[in-house]
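Reviewing the structure listed below.
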Amino acid sequence: MSLDITLGQYYDTKSLIHRLDPRTKLFFVIIYIVAIFVAKEIMAFAFLALVLITTIIVSRVPLRVIFKGLKPLTVIIIFTAILNMFITKAQSEPLFSVTIIPNAWTLTLYKEGLINAGILALRIILLILQTSLFFSYATTPIELTDGLEMSLSPLKKIKVPVHEFAMMMTIALRFIPTLVDETSKIMNAQKARGADFSSGGLIKKAKALIPIIIPLFISSFRRAEELATAMECRCYHGGDGRTRMKKLKMKARDYTGLLLTLSILAGVILLNLYTSIYSI
1 MSLDITLGQY YDTKSLIHRL DPRTKLFFVI IYIVAIFVAK EIMAFAFLAL
51 VLITTIIVSR VPLRVIFKGL KPLTVIIIFT AILNMFITKA QSEPLFSVTI
101 IPNAWTLTLY KEGLINAGIL ALRIILLILQ TSLFFSYATT PIELTDGLEM
151 SLSPLKKIKV PVHEFAMMMT IALRFIPTLV DETSKIMNAQ KARGADFSSG
201 GLIKKAKALI PIIIPLFISS FRRAEELATA MECRCYHGGD GRTRMKKLKM
251 KARDYTGLLL TLSILAGVIL LNLYTSIYSI
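Using the numbering used here, the first residue of the sequence shown is number 1, and each one after it goes up by one.
Printed below as a string of structure tokens:
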């Protein structure tokens, strides 16, 4: 069993997207997510997919790296789509109906259910790929922390612990690859002792994970304690009075990126209004 989780892994290609200010990338991702849920027409989704392909090409991050991060979530995407497929009700004739329990449980599939399931799966895929590209492969944890903190800095006036929140989020992202690597080491050690994680039923597989989960929790708490001790030894006391080695400064390419981001949302809205003939 291999773990292909790539969330939190930075992939430097020195591209234009990598050189953008993290606040620009944060704004882009937020607007892109809004556009995903605003999109209603097939042309709008095609436009968003074209934007994703363009950003991947510009970032120069290999497709195998990007789609590798989607692999662990495939089961969740399929399960969510199937669930949405059968809970959708419509007034049209059903495509088929299967009675699981007489007079109690009947699965009915409508055309609208298939369409909604496809839309939901497409939205999740676009969201995951674009978010992981900008927040993981194209942005270092330190840049993400600084960008998030500066973006939320107005909340400091109402006593919101912005720095602590940004630091906590970044540490969580930073340690995902570390925990994945630790999990692989534990699994290999258990396999060397004769553990079997692939055979048997669902209950047996769940029980086989216990020898992995317990050492992983112990290792996680140990690493958290070591990190806290290291921060205390370096006199870390939060965000008050702290300076940055690299100060963030918006450049012309960042303002251009902001305008292009707003144009993406505007394009989705216009495609929703004027391409109803292609409605899905």
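Positions of the beta carbon are idealized from the N, C-alpha and C atoms, including for glycine.
Bear in mind that the values here come from a model prediction, so they are computed numbers and not experimental data.
Do you know how far the Cα of residue 187 is from the Cα of residue 2?
Indexing the sequence shown from 1 puts residue 2 at position 2. Indexing the sequence shown from 1 puts residue 187 at position 187. Caution is warranted here: a pLDDT of 46 is assigned to residue 2, below 50, making its placement in the model unreliable, and the coordinate value is therefore given only provisionally. Whole-angstrom Cα-Cα distance: 9 Å.
If you count every other CB in all the chains shown that lies within 10 Å of the CB of residue 12, and 16 or more means buried, which is it?
Position 12 of the sequence shown, counted from the start, is the residue given in the question as residue 12. Classification for residue 12: exposed.
Which one of 158, 215 and 87 has the shortest CA to CA distance from residue 184?
Taking the sequence shown and counting its residues from 1, the one referred to as residue 184 is at position 184. If we check each option's Cα against that of residue 184, 215 comes out closest.
Give the DSSP-derived three-state secondary structure of residue 107 in the structure shown.
Taking the sequence shown and counting its residues from 1, one reaches residue 107 at position 107. Reduced to three states, the DSSP call for residue 107 is strand.
Checking 8 Å against the spacing of the C-beta atoms, do residue 31 and residue 264 come in under that value?
Counting from 1 along the sequence shown, the entry for residue 31 is found at position 31. Counting from 1 along the sequence shown, the entry for residue 264 is found at position 264. For residue 31 and residue 264, yes; Cβs fall inside 8 Å.
Starting from residue 59, follow the alpha helix (DSSP H) in both directions and report where the run begins and ends.
Translated into positions along the sequence shown, residue 59 becomes position 59. First-last of the alpha helix (DSSP H) with residue 59: 42 to 59.
Would you kindly report the start and end of the unbroken alpha helix (DSSP H) that includes residue 39?
Stepping through the sequence shown from its first residue, residue 39 is reached at position 39. From DSSP, residue 39 is part of no alpha helix (DSSP H); its letter is neither H nor E.
Could you please give me the residues that DSSP links to residue 97 through a beta bridge?
For the purposes of this step, residue 97 is taken as the residue at position 97 of the sequence shown. Partner(s): 108.
Which residues in the same chain as residue 17 place their Cβ atom closer than 6 Å to its Cβ, once the five residues preceding and following it in sequence are excluded?
Reading the sequence shown from its first residue, position 17 is the one you call residue 17. If we look at residue 17 and ignore the five residues flanking it on each side, its Cβ neighbours are 58, 59 and 138.
DSSP three-state call for residue 212: helix, strand or coil?
By 1-based counting over the sequence shown, the position of residue 212 is 212. Of the three classes helix, strand and coil, the one that applies to residue 212 here is helix, per DSSP.
Hey, is the stretch 152 to 167 in contact with the stretch 15 to 29, meaning 3+ C-beta pairs nearer than 8 Å?
Contact fails: fewer than three Cβ-Cβ distances are below 8 Å.
Using only the alpha-carbon positions, how far apart do residue 149 and residue 250 sit?
The residue labelled residue 149 in the question sits at position 149 within the sequence shown. The residue labelled residue 250 in the question sits at position 250 within the sequence shown. Straight-line Cα distance between these residues: approximately 15 Å.
Expressed to the nearest angstrom, what Euclidean distance is found between the alpha-carbon atoms of residue 173 and residue 89?
As a working mapping, residue 173 is identified with position 173 in the sequence shown. As a working mapping, residue 89 is identified with position 89 in the sequence shown. Their Cα atoms are separated by approximately 39 Å.
Determine the extent of the alpha helix (DSSP H) in which residue 190 is found, giving its start and end residues.
Working through the sequence shown from its first residue, we reach residue 190 at position 190. Residue 190 -> alpha helix (DSSP H) spans 162 to 192.
Is the distance from the Cβ of residue 36 to the Cβ of residue 50 below 8 Å?
Within the sequence shown, the letter at position 36 stands for residue 36. Within the sequence shown, the letter at position 50 stands for residue 50. Contact: no.
The alpha helix (DSSP H) that contains residue 274, what's its start and end?
Residue numbering aside, residue 274 sits at position 274 when the sequence shown is read from its first letter. Start and end: 252 to 274.
With distances taken Cα to Cα, identify the nearest neighbour of residue 167 among 107, 237 and 109.
As a working note, residue 167 is residue 167 in the sequence shown. Of the candidates 107, 237 and 109, the one whose C-alpha sits nearest the C-alpha of residue 167 is 237.
What is the DSSP secondary structure of residue 9, counted as helix, strand or coil?
Here residue 9 refers to the residue found at position 9 of the sequence shown. Of the three classes helix, strand and coil, the one that applies to residue 9 here is coil, per DSSP.
For residue 222, name the three-state secondary structure that DSSP assigns.
As a first step, residue 222 is located in the sequence shown; it is residue number 222 there, counting from the start. In the structure shown, residue 222 sits in a helix (DSSP, three-state: H, G or I).
CA-CA distance, residue 171 and residue 75?
Here residue 171 refers to the residue found at position 171 when the sequence shown is read from its first residue. Here residue 75 refers to the residue found at position 75 when the sequence shown is read from its first residue. The straight-line gap from Cα to Cα measures roughly 27 Å.
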